[in-house]
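Novice: The listed protein sequences correspond, in order, to chains W and R. If you read the first sequence in the UniProt record's numbering, its first letter stands for residue 1, the second for the next number, and so on. If you read the second sequence in the UniProt record's numbering, its first letter stands for residue 1, the second for the next number, and so on. For glycine and all other residues, C-beta sits at the position ideal for the given N, C-alpha and C. This is the structure I want to talk about, given as structure tokens.
2 protein chains.
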Amino acid sequence: MAETARRPEHRYGNRPTMKDVAARAGVGLKTVSRVVNGEAGVTPDTERRVQEAIESLGFRRNDSARVLRKGRTASVGLVLEDLADPFYGPLSRAVEEVARAHGALLINGSSAEDPEREQELALALCARRVDGLIVIPAGQDHRYLEPEMKAGVATVFVDRPAGRIDADAVLSDSFGGSRAGVAHLIAHGHRRIGFIGDQPRIHTATERLRGYRAAMEEARLDVEDSWVSLGPTDPERVREAVTAMLSGPEPVTALFAGNNRVTVTAVRALAGREHPVALVGFDDIELADLLGITVIAQDAAALGRTAAERLFRRLDGVEEPPAQVVLKTTLIPRGSGEIPPPPSA
Amino acid sequence: MAETARRPEHRYGNRPTMKDVAARAGVGLKTVSRVVNGEAGVTPDTERRVQEAIESLGFRRNDSARVLRKGRTASVGLVLEDLADPFYGPLSRAVEEVARAHGALLINGSSAEDPEREQELALALCARRVDGLIVIPAGQDHRYLEPEMKAGVATVFVDRPAGRIDADAVLSDSFGGSRAGVAHLIAHGHRRIGFIGDQPRIHTATERLRGYRAAMEEARLDVEDSWVSLGPTDPERVREAVTAMLSGPEPVTALFAGNNRVTVTAVRALAGREHPVALVGFDDIELADLLGITVIAQDAAALGRTAAERLFRRLDGVEEPPAQVVLKTTLIPRGSGEIPPPPSA
DNA sequence: CTGAAAGCGCTAACAA
DNA sequence: TTGTTAGCGCTTTCAG
Chain W
1 MAETARRPEH RYGNRPTMKD VAARAGVGLK TVSRVVNGEA GVTPDTERRV
51 QEAIESLGFR RNDSARVLRK GRTASVGLVL EDLADPFYGP LSRAVEEVAR
101 AHGALLINGS SAEDPEREQE LALALCARRV DGLIVIPAGQ DHRYLEPEMK
151 AGVATVFVDR PAGRIDADAV LSDSFGGSRA GVAHLIAHGH RRIGFIGDQP
201 RIHTATERLR GYRAAMEEAR LDVEDSWVSL GPTDPERVRE AVTAMLSGPE
251 PVTALFAGNN RVTVTAVRAL AGREHPVALV GFDDIELADL LGITVIAQDA
301 AALGRTAAER LFRRLDGVEE PPAQVVLKTT LIPRGSGEIP PPPSA
Chain R
1 MAETARRPEH RYGNRPTMKD VAARAGVGLK TVSRVVNGEA GVTPDTERRV
51 QEAIESLGFR RNDSARVLRK GRTASVGLVL EDLADPFYGP LSRAVEEVAR
101 AHGALLINGS SAEDPEREQE LALALCARRV DGLIVIPAGQ DHRYLEPEMK
151 AGVATVFVDR PAGRIDADAV LSDSFGGSRA GVAHLIAHGH RRIGFIGDQP
201 RIHTATERLR GYRAAMEEAR LDVEDSWVSL GPTDPERVRE AVTAMLSGPE
251 PVTALFAGNN RVTVTAVRAL AGREHPVALV GFDDIELADL LGITVIAQDA
301 AALGRTAAER LFRRLDGVEE PPAQVVLKTT LIPRGSGEIP PPPSA
């Protein structure tokens, strides 16, 4: 039986190794390594022989082995909430671009807003020895990452801060953005404004609610309990919240939507109504311009880029205390936020 | 100097290994391995001692080493065009879910519609020894993957077929979908219909154009050269194409948009016009329902899921000849496609 | 039930 | 310029 055929089945579908190439080219193992990695110190003639052997054998360097030896994987992990959410696509892409510029690959996974799954994913990535980790937290306690960070896994949190540990974070100004949005509605004459947001355990949800309350308070407006609804962002729940706030003797005249999922459903829910209801949403949405939806825009790509750049700066050995970077948001008036309250109100 | 401190710097930020755990627990290396992997044959007492050592040292198994030994990486690669495109988000997420169900992680990268970058990425993933590869081709020649596939990297193409090699592919019915869309416009009275699509080297672009031509021919309608425009899908180019087709003595009365990027720009370009122009777009878009945009919907998530399932079936050792799976598309009438031509036409 | 030894494919260090 | 040796941290094999 031939040498090659005797190899154990588990060997990556029996791919040739540097040893095989060396044998074929009649050179030493290290010479093959030199050629493969473009190191100096190989005669053109030797190099050619090695190259031929590589071609004919279909050799490709096994990076698993390389990684084991070098101690760096040239890959970063990204744990986000849902790759299918239009907010995370551009963010993810931006991280990828930065990673690529640094010669690293991106491994990413969705937590589906489940803290356990977030942890499972993040730790799996650590076990793979990613050089760095970018996390959009689903959970509120990240002490589980402390040993990993101490052991050298650079970690940056995005969109939401880490819970119970001190770590880098890149955030949008949820509080300020939402305060500005609500102030905008107030400036257009509204007094009864509803807030529909994500689950209260999500940092951005409570921050945006805080912004809402701040704007109301600054205008000396009381907030009734029935005007605030936090919870999952599935269409049913949001639709019910909208309906509830618009019913009764004293309905709200305007709505502030806490994120893109809420905005989309709110727009649909409001579409069929007799009297127009003012709306401002957090996050920009594709085609919102055509629908005239006023939004507080945040730059998802900038969020990802900033976080990734910070990560690679850490990987390059820059030592600074952990810091939070907060990116500004922009109010984009497009019509829905400028609808005045009905005269009767 | 202590043992630990003497370790070379490159060792993953000096993380403890099984050897360290073994020393600490006063057991053999293999016993640690058994505990870590939940293998049978360890006394509860020994197990407890090992667990304690693991905790106190903050040990986490190094999967790089494991992979090297086992020959399987439990990861799959996904090469797509642009993670930021709303079409690829759900596709990517679907692949991820299937991978997760099989205990695998997802490494993904964007080719930015550049064939060289596609190849570079795909081969980098092969070097990492991903168990399988899912590729949304940017290029038209995938012979470069042949050695990898022969060497055992299961590969499935999605959205577009592989070029010049025989391989599995999961596609949407671009031809049929676009033929149905154009036939729909014809049924609503249009005779002069424009087609704006992606670059001609992209398979789906030409297939959709073919569907357009087929529908026109079936209705015995001639197609003027100026009614067809293929090219990059950036807003400027598309906007110019729209303007051109709607100018002159005999403008088109309806447009068929070849993909979601084109549709979005076309809708914007048509928004300001005096006379409404009929429009059908390939791909559904968020909020298209509210804007009344008639589309040929394809199921991006199903595309990803189907491809990933096929991939894992191959990884499980199922041997079948490569096949193409074509998923049906759905015409969703919402108004824009049902606008009749102006009486003058 | 437990552990020692070999080796996965590569790179670093050192010889020749 | 080239080759040899010794690991990287783990799993496999096989012997206690």
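1) Count Cβ pairs between the region 317–335 of chain R and the region 298–306 of chain R that sit closer than 8 Å; are there 3 or more?
2) Closer than 9 Å, CB to CB, is K19 (chain W) near chain R or not?
3) In whole angstroms, give me the CA-to-CA distance for R334 (chain R) and A278 (chain R).
4) For a contact meaning CB atoms closer than 7 Å, what does R93 (chain R) contact in chain W?
5) Three-state secondary structure (DSSP) at D85 (chain R)?
6) Please go through the same chain and pick out, in chain order, the residues whose beta-carbon is closer than 8 Å to the beta-carbon of R66 (chain W), but skip the five residues on each side of it.
7) Just list the beta strand (DSSP E) runs in the region 101–139 of chain W, keeping only unbroken ones of 3 residues or longer that don't cross its boundaries, in chain order.
8) Look up L291 (chain W) in the DSSP assignment and give the residues it is bridged to.
9) Quick one: using the 10 Å Cβ neighbour count with 16 as the cut-off for buried, is E250 (chain W) buried or exposed?
10) Please go through the same chain and pick out, in chain order, the residues whose beta-carbon is closer than 7 Å to the beta-carbon of F157 (chain W), but skip the five residues on each side of it.
11) Would the region 271–287 of chain W and the region 245–263 of chain W be scored as touching if the rule is three or more Cβ pairs under 8 Å?
12) Can you list, in chain order, the residues of the region 171–183 of chain R whose Cβ is nearer than 9 Å to any Cβ on chain W?
13) Is the Cβ of P343 (chain W) closer than 9 Å to any Cβ of chain R?
14) Alpha carbon to alpha carbon, how far is G89 (chain W) from A271 (chain W)? Give it in angstroms, no decimals.
15) Would DSSP call T265 (chain W) helix, strand or coil?
16) Return the first residue and the last residue of the beta strand (DSSP E) that V228 (chain W) is part of.
17) Unbroken beta strand (DSSP E) runs of length 3 or more, entirely within the region 304–343 of chain W: which are they?
18) Decide if S344 (chain W) is buried, meaning its Cβ has at least 16 other Cβ atoms within 10 Å, or exposed.
19) Assign P16 (chain R) to one of two classes, buried (16 or more other C-beta atoms within 10 Å of its C-beta) or exposed (fewer than that).
20) How about T243 (chain R) and P342 (chain R): are their beta carbons less than 9 Å apart?
21) I'd like to know if A53 (chain R) contacts chain W, where contact means its C-beta is closer than 9 Å to some C-beta of that chain.
22) Alpha carbons only, please: which of R:D173, R:D284, R:V130, R:H203 is nearest the one belonging to R164 (chain R)?
23) Beta carbons nearer than 7 Å to chain W: which residues of the region 254–270 of chain R have them?
24) Counting contacts by CB-CB distance shorter than 9 Å, is N14 (chain W) in contact with chain R?
25) Tell me whether F195 (chain W) counts as near the ligand GTP, meaning its Cβ is closer than 8 Å to at least one heavy atom of that ligand.
26) Could you check where the alpha helix (DSSP H) with I186 (chain R) kicks off and where it finishes?
27) Between V238 (chain R) and chain W, is any beta-carbon pair separated by less than 9 Å?
28) Please check if any C-beta of chain R sits within less than 9 Å of the C-beta of A308 (chain W).
29) How big is the Cα-Cα spacing for R210 (chain R) and V79 (chain R)?
Specialist: In this structure, then:
1) yes
2) no
3) 11 Å
4) D82, L83, A84, S110
5) coil
6) none
7) 105–110, 132–135
8) Paired residues: none, contrary to the question.
9) exposed
10) V135, P137, A167, D168, A169
11) yes
12) none
13) no
14) 27 Å
15) helix
16) 228–230
17) 324–327, 330–332
18) exposed
19) buried
20) no
21) no
22) R:H203
23) V264, V267, R268
24) yes
25) As far as ligands go, the structure on display features none, and thus does not contain the ligand GTP.
26) 174–187
27) no
28) no
29) 26 Å
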